[in-house]
Amino acid sequence: MSGRSISRAGVGGGGASGLKRIWALLALALWCWLPSGATRAAAEPVRERIPATVIEFSVRGELNEQAGAIIADLMMSAIANTGRFTLKDRLPLTAAAKIAKAQELGSTGLLDPKTAAELGRLYGVDAVVTGGVSKLGDLITVTARLIDTKTASLLGSGQVQDKSIDAIQIKINDLAAMVLASPAPPPTYALTVRTDPADAGVRLLNHPTPYQPGIRLPAGDYEFEATKPGHVARKVTAKLRDRDLTLDIVLEKARYGLTVRPDPPDARIRLLGAPAPYQPGIALSPGDYEIEVSREGYLAHKFPVRIIDSELSVPVTLEKAPLPPPPPVRQYRLTVQVEPSQATVRLLNSKTPYQPGVPLAPGSYKVEIRQAGYETAQVAVPIIDSDVTVPVKLVKKPEPPKAVQYRLTVAPDPPDARIRLLGVKATYQPGLSLPPGSYTVEVSKSGYQSQRLTARIADGDITLPVTLIKQPEPEPPTLYRLTVRPDPPDARVRLPGSKLTYKAGISLPPGSYTVEVAKAGYESQRLTARIADSDVTVSVALVKQPEPEPPTVYRLTVRPDPADARVRLLGSRTEYRPGVTLPPGNYTVEVSKPGYDAQRLTARIADNDVMMTVALAKQPEPEPPTVYRLTVRPDPPDARVRLLGGRFSYKAGVTLPPGSYGLEVSRPGYETQRLTARIADSDVTLPVALAKQPEPSRYALTVRPDPADARVRLRGTSTVYRPGLLLAPGSYTVEVSSLGYETRQIPVRIADGDVTLPVAL
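Going by our numbering, 899 is the number at position 639 of the sequence shown; the sequence numbering is gapless.
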């Protein structure tokens, strides 16, 4: 048979016999290739598997349109046996056509690297194999390329040619070896960093490999960072060329600036016990220092500061020295003689509470006299150089006129009907007293129609007769019998869409009803029964279902290596066991075992038993992560330390992997601090000093009620009032109440001193 005739029979024919022959050749090719692939996998070290996929090959020339998919499946099998990739499902060419440029697909049939990179981003793979199969004359050519989707670079390519499609299929393994051929690794050199001080931490920046003395690296430029607490971090670039390199890094001790911002600005500042005099921004080593700030006319202030690992700016406000006390002012007595005698007297423009004979300094005072039922009076009283007595008589208020009310009576029929007044708070009762106006009356009783009427009260009592109308009783519906006679007689009868349960001769009102008759082994029937004005009988004969023919089944056996690996049939309800019987079709087989890479394969059962051999690749042992200790030294020592983020709980010397961690240090009475601890390649000790919170100023509030046994409350707060209660500056509402007196609510503002509030009810 010639090359052209083989091509058309194997790939271009499209018939069932041609496809069977292709798969038989594919199985033979894999059987021949597996021993050599297994030998290579045993000799090579275990590598990390790369997620990858194969795109359906493009087809050009006189070939069957399925040739690209078949060649891509062969390529996936060859790549899977290398053990270097974790393969995902093959992608159809249409997925790439949506992204690729039309002219590139049309002209070459191959994907450009940018299109492959976009495919990798969308489908979550790091590598893509793409290619094409073409026929020109008698020669068949298969081209393949391996593209890195992260860098859009070409990693490898290959091409095989032959006149026979059968030979092409056997050469697929050679094509995979060409595409996956690895370049020779570049030479490496040892690099060592020596630090002063010797225990400083060293990091290799912008490189995935952590630094260790004598680390071997390819030639190039590398940036190193040396750090140590209490020293200035330093970055150095090492140029590694064609020999080993030793790099020396010397760290300087850290010094931080201290600035004191005094108020007033010309105050004198001294560093007590320090060798150098203070100046703004003075550079100091980490530690504790004592500062004194002083100025004439102000109280001197001494306080400690602690420098840890950053610049420090301290604001200081001096308090003015107290002035000498003024000479005492002579005071005179003020007495207000009120009528009635129980009236309350207040000094409106003085904080001094009034009491008979209250001593006051010379000046003009405004006096208020108040009593319930009397007109309030205000009197201006000047005090010059003697005691003052002022008589004040209050004028009684006139009595308010009483409101006129009239009686409303509703006479319902029947007498036990319910009566309600709508829109008012008053509950109706016969002879209810109401002020003049319009009222809506509702009268109701079960079995009667409710009524709403408007009653207008003007200048006299009103009696409103209301007679309710009885509701008519509904007539009972007419019912007829429905009987269904099924064949066979024991068939089940239902009324779908109705809450009623069918029984022979069931009574139903006129209408259309859906009847369902069913029995196992028979075809169910649904029909409509119409009931008009008489009983209805319906006969229903069911048709027996034909007996199903038993399907043809074949045996499937999977031989895993290791032998105790677990085998599952995915997407099927049948549980796998050796020699399980299955009907013809495609089945996905999963083979897995802890410590090995799981494999998924497709088993095709056509017209005979199938046996599959699956060897699993062992997974590499994971390396234990490197951890370091983190210790926080708070001031005060009993402060609480928390690790934010919820992954770890803090305790002194907690071990953590390298990274950045959020810390919170708090204690009642101190300001909480949040900071970030960075762990690179050594233990970390972090001192944290908390600043004490200032205590807020509070002032006394005293309420003097009249009568003295009245109840005093603070509205809008949970604080319970007591005489001389200490409160923060702000606005408050005071409520004073007593049985038989009108309750009063008075707003009080506390600013910068104690407040005394007299309240007369």
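Beta carbons: idealized from backbone N, C-alpha and C, even for Gly.
Could you tell me the boundaries of the beta strand (DSSP E) in which residue i lies?
| i | result |
| --- | --- |
| residue 429 | Per DSSP, residue 429 belongs to no beta strand (DSSP E); it is in the alpha helix (DSSP H), 425-430. |
| residue 512 | From DSSP, residue 512 is part of no beta strand (DSSP E); its letter is neither H nor E. |
| residue 484 | 480-487 |
| residue 601 | No beta strand (DSSP E) contains residue 601, which DSSP labels as neither H nor E. |
| residue 561 | 561-567 |
| residue 713 | 711-717 |
| residue 913 | Residue 913 -> no beta strand (DSSP E), and no H or E assigned at all. |
| residue 637 | 637-643 |
| residue 708 | Here residue 708 belongs to no beta strand (DSSP E), and DSSP marks it neither H nor E. |
| residue 246 | A question about residue 246 goes unanswered here, because the residues of the chain that appear run from 261 up to 1021. |
| residue 415 | 413-422 |
| residue 831 | Run containing residue 831: none; DSSP gives neither H nor E here. |
| residue 454 | 448-456 |
| residue 463 | 461-465 |
| residue 860 | 859-865 |
Please name the residue in the options whose C-alpha comes closest to that of residue i.
| i | options | result |
| --- | --- | --- |
| residue 491 | 429, 393, 875 and 455 | 455 |
| residue 638 | 986, 664 and 608 | 608 |
| residue 248 | 834, 672, 747 and 741 | The chain is shown only over 261 to 1021; residue 248 falls outside these bounds and no answer can be derived. |
| residue 517 | 543, 459, 970 and 387 | 543 |
| residue 907 | 929, 753 and 921 | 921 |
| residue 312 | 938, 629 and 406 | 406 |
| residue 387 | 415, 400, 402 and 394 | 415 |
| residue 788 | 781, 799 and 782 | 799 |
| residue 745 | 513, 337, 347 and 762 | 762 |
| residue 1003 | 987, 943, 1021 and 1016 | 1021 |
| residue 954 | 804, 654 and 929 | 929 |
| residue 577 | 534, 529 and 587 | 529 |
| residue 549 | 563, 559 and 557 | 563 |
| residue 987 | 619, 999 and 958 | 958 |
| residue 617 | 597, 310, 631 and 629 | 597 |
| residue 771 | 755, 782, 790 and 753 | 790 |
| residue 392 | 409, 858 and 418 | 418 |
| residue 604 | 402, 628 and 865 | 628 |
| residue 499 | 519, 545 and 449 | 449 |
From residue i to residue j, what does the alpha carbon distance come to, in whole angstroms?
| i | j | result |
| --- | --- | --- |
| residue 856 | residue 849 | 16 Å |
| residue 826 | residue 877 | 14 Å |
| residue 635 | residue 521 | 60 Å |
| residue 727 | residue 766 | 45 Å |
| residue 844 | residue 758 | 45 Å |
| residue 422 | residue 411 | 33 Å |
| residue 749 | residue 733 | 43 Å |
| residue 321 | residue 398 | 11 Å |
| residue 815 | residue 838 | 8 Å |
| residue 1007 | residue 524 | 38 Å |
| residue 668 | residue 721 | 6 Å |
| residue 888 | residue 338 | 45 Å |
| residue 281 | residue 481 | For residue 281, the pLDDT reaches just 44, beneath the cut-off of 50, and the residue's location in the model is therefore unreliable, leaving the point undetermined. |
| residue 573 | residue 511 | 26 Å |
| residue 939 | residue 918 | 5 Å |
| residue 502 | residue 485 | 23 Å |
| residue 602 | residue 623 | 27 Å |
| residue 969 | residue 1001 | 12 Å |
| residue 1005 | residue 655 | 24 Å |
| residue 1013 | residue 613 | 15 Å |
| residue 536 | residue 952 | 29 Å |
| residue 1011 | residue 942 | 55 Å |
| residue 297 | residue 875 | Caution applies to residue 297, whose pLDDT of 41 falls short of 50 and renders its modelled position unreliable; the value that the coordinates give is listed next. So the two alpha carbons sit approximately 11 Å from each other. |
| residue 318 | residue 394 | 8 Å |
Got a sec, what are the start and stop residues for the alpha helix (DSSP H) residue i sits in?
| i | result |
| --- | --- |
| residue 337 | 327-340 |
| residue 355 | 353-357 |
| residue 374 | 373-383 |
Compute the minimum distance between the beta carbon of residue i and the heavy atoms of the ligand GDP, and state whether it is under 7 Å.
| i | result |
| --- | --- |
| residue 644 | As presented, the structure is devoid of all ligands, the ligand GDP included, so that no description of it is given. |
Can you check whether the C-beta of residue i is within less than 8 Å of a C-beta belonging to chain C?
| i | result |
| --- | --- |
| residue 747 | Judged by its chain identifiers, the structure shown contains no chain C, having just a single protein chain. |
Going residue by residue through the segment 734-810, where are the continuous beta strand (DSSP E) segments of at least 3 residues, counting only ones entirely within it? 740-747, 752-754, 766-768, 771-778, 785-791 and 796-801
Tell me whether the segment 580-595 and the segment 627-647 touch, counting them as touching only if at least three CB pairs, one residue from each stretch, are closer than 8 Å. yes
Would you check if the segment 477-490 and the segment 432-441 touch, i.e. whether three or more CB-CB distances between them fall below 8 Å? no
Does the segment 423-431 come close enough to the segment 445-463 to have 3 or more Cβ pairs within less than 8 Å? Judged by Cβ distances under 8 Å, the segment 423-431 makes no contact with the segment 445-463, as fewer than three pairs qualify.
Does the pairing of the segment 973-981 with the segment 990-999 give three or more beta-carbon distances under 8 Å? yes
Between the segment 1009-1018 and the segment 962-970, can you find at least three pairs of beta-carbon atoms closer than 8 Å? yes
What runs of the beta strand (DSSP E), each 3 residues or longer, lie entirely inside the segment 903-985? 914-916, 919-926, 933-939, 944-949, 959-966 and 971-975
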